[in-house]
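One structure below.
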Amino acid sequence: MALQESPLQTGAEIFVERHGFQLPAVYSDFASEYAAATTGVGVHDASYMGRLKATGEDGLDLLNRMSTNKVVDLASGEGAVTVLTTDRGRIIDVLGVVNQGDHVILLTSPGRQQAVIDWLDKYTIMEDLVIEDVTAETTMLALIGPDAGDLLGRSPSQLPQDSLTSRSLSLAGTDVLAVEQPLGSLSRYWLICAPDAAAGLWQHLTDNGAIPIGATAMDAVRVNFGVPEYGPELGEPYNPLEAGLIGSVDFTKGCYIGQEVIARLDSYKKVQKYLVSLSFDTESTVSPGLELL
């Protein structure tokens, strides 16, 4: 995979294990990487995210019947975030659904590809649908920050404009699928390409001003901009309403796996706990997993 190759790790001296990979923790320094992502533009190798390819006429219909959001009417180039839930309304994964016309790309949380495939296969009977894990066959970079769109060198009309809409671009001679998905209020584009083109694309982006961002700064940006991740904040102990994912729940579209539980929680105001963000003063010593009570 691309993120195991040295060209995308040049300059990194400290590494951290995340999602089964050794990822650069810091390329230059935390402060400048965080500033690039929040005030300029940065690039992060996000190839550890899962990518599935769903082929067949019934892909969107099955997803619509098995997840929280309405995706059946997505046109080619459109996309949506939806939550795959158990029959008890618990989170299996949060999916990015990207319709490419002749197939659908599903963006999964790191390491959740097989769980998603197994759950969809369980309910695939007569449907025309084949799902492949193409994570190892592709590279995905995250171009993030207020200046991300400018760096792509396209006018706004040539770039995807809504969450999980997509366009095919040519960057530095490389065929790239650009998928727009903000990180909270920050502009972010997923750039998906062939692994053998990743180093050239990375070089093109950094030559044009993108600052490489390691895992430490990327985690800090994600948390500070209020975007939960599977594992630290999301998972099967929780339902979408507890996790603040109500924007990815369509209460009018009809039945899906877990719909009855989620609808009842909403109708009768039975949600008893919520995911929240806590802030501490700079002198406090806190770390992930610390018990607060």
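Going by our numbering, the residue at position 29 of the sequence shown is 30; the numbering climbs one at a time, nothing skipped.
We put the CB at the ideal spot given by N, CA and C, even for glycine.
- Query: Around the Cβ of GLN273, are there at least 16 other Cβ atoms within 10 angstroms (buried) or fewer (exposed)?
  - Reply: As a position in the sequence shown, residue 273 is number 272, starting the count at 1. Around the CB of GLN273, fewer than 16 other CB atoms lie within 10 Å, so the residue is classed as exposed.
- Can you give me the Cβ contacts of ASP129 inside the same chain, cut-off strictly under 6 Å, excluding the 5 residues immediately before and after it? What you label residue 129 is simply residue 128 of the sequence shown in a count that begins at 1. Result list for ASP129: GLY57, GLU58, ASP59, in chain order.
- Query: Would DSSP call ASN225 helix, strand or coil?
  - Reply: Mapped onto the sequence shown, residue 225 falls at position 224. Three-state DSSP puts ASN225 in a helix.
- Message: Going by DSSP, what residue range makes up the beta strand (DSSP E) through ILE93?
- Response: In the sequence shown, the residue the question calls residue 93 occupies position 92. Counting along the chain, the beta strand (DSSP E) containing ILE93 begins and ends at 92-100.
- Task: Please state whether DSSP places ARG265 in a helix, a strand or coil.
- Result: On the sequence shown, position 264 is the one that residue 265 refers to. Looking at ARG265 - three-state DSSP - the assignment turns out to be helix.
- Item | Status (buried if at least 16 other CB within 10 Å, exposed otherwise) for GLY227 | Along the sequence shown, read from residue 1 onward, the residue named residue 227 stands at position 226. Exposed.
- According to DSSP, is THR175 helix, strand or coil? Taking the sequence shown and counting its residues from 1, one reaches residue 175 at position 174. Three-state DSSP puts THR175 in a strand.
- Message: Between LEU107 and ALA149, how many whole angstroms is the CB-CB distance? I'm expecting something under 8 Å.
- Response: Position 106 of the sequence shown, counted from the start, is the residue given in the question as residue 107. Position 148 of the sequence shown, counted from the start, is the residue given in the question as residue 149. Actually they do not touch by this definition, with Cβ atoms about 23 Å apart.
- Message: What does the Cβ neighbour count give for GLN114, buried or exposed, with the cut at 16 atoms within 10 Å?
- Response: Taking the sequence shown and counting its residues from 1, the one referred to as residue 114 is at position 113. GLN114 is buried by the Cβ-count criterion.
- When DSSP builds the beta bridges, which residues end up paired with ILE214? Here residue 214 is taken as the residue at index 213 of the sequence shown, counted from 1. Looking at the DSSP assignment, ILE214 forms no beta bridge with any residue, so it has no partner.
- Message: Quick check on GLU6: does DSSP put it in helix, strand or coil?
- Response: For the purposes of this step, residue 6 is taken as the residue at position 5 of the sequence shown. Residue placement at GLU6 is flagged as unreliable, the pLDDT there being 49, under the threshold of 50; the coordinate-derived value follows with that caveat. In the structure shown, GLU6 sits in coil (DSSP, three-state: anything other than H, G, I, E or B).
- Task: Leaving out five residues on either side along the sequence, give the residues of the same chain with a beta carbon under 8 Å from the beta carbon of ASP122.
- Result: Here residue 122 refers to the residue found at position 121 of the sequence shown. Excluding positions up to five away in sequence, the list reads ILE132.
- Measure the beta-carbon distance from SER249 to PRO241 and round it to whole angstroms, keeping in mind my assumption that it falls under 8 Å. Sequence index remark: in the sequence shown, residue 249 carries index 248 (1-based). Sequence index remark: in the sequence shown, residue 241 carries index 240 (1-based). Confirmed, Cβ separation roughly 7 Å.
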